[in-house]
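Student: Under the working numbering, the first residue of the sequence shown carries the number -4, and numbering increases by one thereafter.
Every residue gets a Cβ at the ideal spot worked out from N, C-alpha and C, and that includes glycine.
Before we start, here is the structure in question, set down as structure tokens.
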Amino acid sequence: MLTGKQKRYLRSLAHNIEPTFQIGKAGINENMVEQLKDILEKRELIKVHILQNNFEDKKELAANLSELTESELVQVIGSMIVLYKASSENKQIHLPS
């Protein structure tokens, strides 16, 4: 579980990141979850954009995505979801304690 300080730090890092993925009207599928896990392992911090044609609740969608990818939900802001997962082999982000 991330502390408030760690989430603030990750949000500041995520500010300049371009969204890696988009979720459209089809929602979340297994293939997407696998790809997101791979990307999280490489990058640790990613943004996912929810397209306007997806009418699911954004917070629910973010929580599901976080659970399925076994990552931490850093932030849901507008149509953006920010996810973080510490990499097991490619650690780049060092969180403040």
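1) Using 8 Å as the threshold, is the C-beta distance between Ile76 and Lys42 below it?
2) Looking at Ile72: is its Cβ nearer than 8 Å to the Cβ of Leu40?
3) Opposite Glu67 in the DSSP bridges: which residues?
4) Is Leu46 helix, strand or coil when you go by DSSP?
5) So if DSSP puts Ile72 in a beta bridge, which residue, or which two residues, is it bridged to?
6) Does the contact criterion of 3 or more C-beta pairs under 8 Å hold for the region 10 to 24 versus the region 46 to 60?
7) At the level of alpha carbons, what is the spacing between Ala9 and Leu90?
Tutor: Looking at the coordinates:
1) On the sequence shown, residue 76 is found 81 positions in, with the first residue counted as 1. On the sequence shown, residue 42 is found 47 positions in, with the first residue counted as 1. In this structure, Lys42 lies closer than 8 Å to Ile76 by Cβ.
2) Your numbering for residue 72 matches position 77 in the sequence shown. Your numbering for residue 40 matches position 45 in the sequence shown. It is not a contact, given that the beta carbons lie outside the stated cut-off.
3) Stepping through the sequence shown from its first residue, residue 67 is reached at position 72. DSSP, once it has assigned bridges, lists Tyr79 as partnering Glu67.
4) Numbered from its first residue, the sequence shown carries residue 46 at position 51. In this structure, Leu46 counts as coil in the three-state DSSP scheme.
5) Against the sequence shown, residue 72 aligns to sequence position 77. According to DSSP, Ile72 bridges with Met75.
6) Short answer: they touch.
7) By one-based count along the sequence shown, residue 9 stands at place 14. By one-based count along the sequence shown, residue 90 stands at place 95. Rounded to whole angstroms, Ala9 to Leu90 spans 13 Å at the Cα level.
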